[in-house]
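S.K.: Chains as they are written, first to last, in my numbering: chain A, 18 to 181; chain B, 507 to 1085.
A single structure is presented below for examination.
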């Protein structure tokens, strides 16, 4: 699947930049430094926007395209920020069979964002995930640590209302 | 040494050799696709698979190291089937518009498909990845529908210290692209075109400007002048089946005349002017304590790289226009005046071994007569295409001469096409200028050869001179870092492509298999050095046209007028670098 890229403005802080610089310093010159630096950069920023990728490329003296290539290869790297409320809709086999796609589509429609995107106000981010082990409740979704089960598309509006 | 058997034949090779190298020693050919000697050795495409006795899976010959007692089989049914399956999988997503493809007949994928009997095309109908067709750059087109993801372009781009293309996304969506899938004009591509000459298929190609040339030739109100760079004559013959390193200057001029150009001139003549100006600039900088080392400015790929990554060294760059641009400038000023032609009515077409020249003609400060110095720049490959399209029997042509006056050249200018050539040509003139004595030994062997960095020291009229030559951006970076670290050089030549213009991004494309066994760069360069040795006049300042133009028109090298016509300026592009 192609990765979605964020169109939201970058809002990194000087503290974050210092933390990343320290990580780069620690790994610079090591063989295979790129992956650990990217993982820690994602911990610092929550995701890997182009600005952060450029800092990594400059720091490790490699082309930024190389960083970008790795970031789009591994699903663990996110190119979009996470929202205050992180919505995960399970598209595992059981949930999918029970109609999870319709739930996901409804959330997309209500929030105006697709999977792997974040609303412009930073409030909600949406993702499709694989089985979370709650097949008995299929179809399920989580919003941060809250689990919602046996969903139908019509439930979506009421659930979202609680967070708006 | 390691002893092994390939197809039952004994062979001994040094430890660490690959099966591919061992096979080559026995004249056994193993097909490859992603493999490009010394550039891309990643064993990704699996076309080179062979059977190793006792091995569970097939081994990729291009990266698999030999071992004592190994038995290899390169042509078993299992091997043939595996290669065929690989080709079928590549074809399943390939845009098979081979009839109209620029690489038809010279496509490594097409050749393999023919060899392995890939017949039923209907088998390969199904989903295709998204098509990315990038025409944003002035010099090239990227067409991912013909890409086989071999990554040869990615490897050579990185080797050129550019690294603006790479593999993005994964699985079925994997594609070669720029960071954030930007178009090429938004990243710091230097237009060198090495990706094109390393591409096995038609996914990467030059922007074809032949239609504009035909249009100019058909316009009776235009005086259409063509110039050919030195390296073109050393490679054009390859497009017509001649051996690598055949100098086809005479047949090329004959072909250009038959294509209908009003005048067939030589960039070499302009190169002699470049030497006059550059040698003068060097001597002036030495005398007046100017910025040293002076660095050559003939290669537009190198210039762009410098503007992106070494803007602090722009003052070191020679302000001389490249020979292509000097030629255009002289044609539209001096030549136009001499012949009473309005520069507006002159179309200057250049034939170059280079794709970056297509970018260079559009640079700022390159219009001596108020109109662009050069109107259209085509590559060696595009010229070959025009000759074929005109059904000119190239190999049967008589050898003809360039037209006068801008066809008279020296041995100094013809070697511009090889790395070290500009340095050698400049030294022949600069040394005489400094010492005031005639230089008897004109061969500067120390700056010849295809090494990426060459350094030589010499005594010139009691002065210690240290010169450096680099070709390819890896060599350039190495040399520039040495300068930055404080090493004192007087004069440096840098060419964008490894080996210089003979291996430019606009040259005929030789398949990877040829590069494995032939030193293409050295053979093409040899054609130029042989022409130099055979010339009676081998120093730029002895070119009669050069003498005449300076006496009648430009006054002297470095004069105000010479500066107006033959010099240019550069821009700091470091802000445009994406990384």
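From the three backbone atoms N, C-alpha and C, an ideal C-beta is built for every residue, glycine too.
Keep in mind that this is a model prediction, so the values were computed, not measured.
Could you give the C-beta distance for residue 74 of chain A and residue 67 of chain A, rounded to a whole number, given that I count them as a contact under 8 angstroms?
M.R.: Residue 74 of chain A to residue 67 of chain A, Cβ: 10 angstroms. No contact.
S.K.: Using the three-state DSSP reduction, which class does residue 967 of chain B fall into: helix, strand or coil?
M.R.: Residue 967 of chain B falls in the coil class under three-state DSSP.
S.K.: Decide yes or no for the touch test of the segment 1023–1030 of chain B against the segment 873–881 of chain B: beta carbon pairs closer than 8 angstroms, at least 3 of them.
M.R.: The answer is no - the segment 873–881 of chain B does not touch the segment 1023–1030 of chain B, with fewer than three Cβ pairs under 8 angstroms.
S.K.: Does chain A have any CB closer than 7 angstroms to the CB of residue 760 of chain B?
M.R.: No - not a single Cβ of chain A is within 7 angstroms of the one on residue 760 of chain B.
S.K.: Over what stretch of residues does the beta strand (DSSP E) that includes residue 729 of chain B continue unbroken?
M.R.: Its beta strand (DSSP E) spans residues 729–734.
S.K.: Does any residue of chain B have a CB that is nearer than 7 angstroms to the CB of residue 87 of chain A?
M.R.: Closer than 7 angstroms: no.
S.K.: Answer yes or no: does any C-beta atom of chain B fall closer than 7 angstroms to that of residue 98 of chain A?
M.R.: Not one chain B Cβ lies under 7 angstroms of residue 98 of chain A.
S.K.: Any beta carbon of chain A sitting closer than 7 angstroms to that of residue 686 of chain B?
M.R.: Yes, residue 686 of chain B counts as interfacial toward chain A.
S.K.: Taking 7 angstroms as the CB-CB cut-off, is residue 90 of chain A touching chain B?
M.R.: Closer than 7 angstroms to some Cβ of chain B, the Cβ of residue 90 of chain A qualifies, so yes.
S.K.: List, in chain order, every chain B residue whose beta-carbon is nearer than 8 angstroms to that of residue 137 of chain A.
M.R.: Neighbours of residue 137 of chain A on chain B: none; closest Cβ ~19 angstroms, over 8 angstroms.
S.K.: I want to know whether the segment 1057–1068 of chain B touches the segment 945–963 of chain B - three or more CB-CB distances under 8 angstroms.
M.R.: Counting Cβ pairs under 8 angstroms, fewer than three are found: no touch.
S.K.: Mind checking the segment 63–75 of chain A against chain B and listing, in chain order, the residues whose C-beta falls within less than 9 angstroms of any C-beta there?
M.R.: Listed in sequence order: 67, 70, 71, 74 and 75.
S.K.: Within its chain, find whatever has a CB closer than 6 angstroms to the CB of residue 864 of chain B; leave out the 5 residues flanking it on each side and keep chain order.
M.R.: Result list for residue 864 of chain B: 644, 645 and 883, in chain order.
S.K.: From residue 1079 of chain B to residue 806 of chain B, what does the alpha carbon distance come to, in whole angstroms?
M.R.: For residue 1079 of chain B and residue 806 of chain B, the distance between alpha carbons rounds to 14 angstroms.
S.K.: Using a 10 Å radius around the Cβ and a threshold of 16 neighbouring Cβ atoms, would you call residue 967 of chain B buried or exposed?
M.R.: Exposed, by the Cβ-count rule.
S.K.: At least one CB of chain A closer than 7 angstroms to the CB of residue 674 of chain B: is that the case?
M.R.: Yes, residue 674 of chain B counts as interfacial toward chain A.
S.K.: If you run the structure through DSSP and keep just helix, strand and coil, what is residue 746 of chain B?
M.R.: It is helical.
S.K.: By how many angstroms is the C-alpha of residue 765 of chain B removed from the C-alpha of residue 896 of chain B?
M.R.: Going by the C-alpha atoms only, they are around 7 angstroms apart.
S.K.: Can you tell me the Cβ-Cβ gap for residue 828 of chain B and residue 866 of chain B, rounded? I've got them flagged as a contact below 8 angstroms.
M.R.: Contact flag correct, Cβ pair sits at about 6 angstroms.
S.K.: Please tell me whether residue 768 of chain B and residue 730 of chain B are closer than 7 angstroms, where the distance is taken between their beta carbons.
M.R.: In contact: residue 768 of chain B and residue 730 of chain B (Cβ atoms closer than 7 angstroms).
S.K.: Please determine if the segment 562–569 of chain B and the segment 607–624 of chain B are in contact, where contact requires at least 3 C-beta pairs separated by less than 8 angstroms.
M.R.: These segments do not touch.
S.K.: Specify the secondary structure class of residue 509 of chain B as computed by DSSP and reduced to three states.
M.R.: Looking at residue 509 of chain B - three-state DSSP - the assignment turns out to be strand.
S.K.: Between the alpha carbons of residue 36 of chain A and residue 61 of chain A, how many angstroms are there, rounded?
M.R.: For residue 36 of chain A and residue 61 of chain A, the distance between alpha carbons rounds to 7 angstroms.
S.K.: For the segment 625–711 of chain B, list the beta strand (DSSP E) runs that are entirely contained and at least 3 residues long, ordered along the chain.
M.R.: List check, beta strand (DSSP E) in window: 646–649, 672–674 and 681–683.
S.K.: From residue 1016 of chain B to residue 703 of chain B, what distance separates their C-alpha atoms?
M.R.: Residue 1016 of chain B and residue 703 of chain B: Cα-Cα distance of roughly 8 angstroms.
S.K.: With a threshold of 16 other CB atoms inside 10 Å of the CB of residue 142 of chain A, please say whether the residue is buried or exposed.
M.R.: Flag for residue 142 of chain A reads buried.
S.K.: Quick check: the Cα distance between residue 510 of chain B and residue 528 of chain B, rounded to an integer number of angstroms?
M.R.: Straight-line Cα distance between these residues: approximately 9 angstroms.
S.K.: At which residues does the alpha helix (DSSP H) containing residue 164 of chain A begin and terminate?
M.R.: From DSSP, residue 164 of chain A is part of no alpha helix (DSSP H) but of the beta strand (DSSP E) over 163–165.
S.K.: If residue 996 of chain B sits next to residue 960 of chain B, beta carbons under 8 angstroms apart, how far is it from one beta carbon to the other, in whole angstroms?
M.R.: About 14 angstroms; that fails the 8 angstroms criterion.
S.K.: So what does DSSP say about residue 1050 of chain B, is it helix, strand or coil?
M.R.: Reduced to three states, the DSSP call for residue 1050 of chain B is helix.
S.K.: Going along chain A, which residues have a C-beta under 7 angstroms from residue 664 of chain B?
M.R.: Here the neighbours are 80.
S.K.: Note down, in chain order, every chain A residue with its Cβ under 7 angstroms from the Cβ of residue 470 of chain B.
M.R.: Here chain B has residues from 507 to 1085 only, and residue 470 of chain B is not among them.
S.K.: Would you say residue 1084 of chain B lies against chain A (beta-carbon separation less than 7 angstroms)?
M.R.: It does: the Cβ of residue 1084 of chain B has a partner Cβ on chain A nearer than 7 angstroms.
S.K.: Quick check on residue 1092 of chain B - is its C-beta less than 7 angstroms from some C-beta in chain A?
M.R.: Beyond the ends of chain B as shown, which are 507 and 1085, falls residue 1092 of chain B; an answer cannot be given.
S.K.: So, helix, strand or coil for residue 772 of chain B, using DSSP?
M.R.: It is a strand residue.
S.K.: Tell me the rounded alpha-carbon separation between residue 1018 of chain B and residue 787 of chain B.
M.R.: Distance between the alpha carbons of residue 1018 of chain B and residue 787 of chain B: 41 angstroms.
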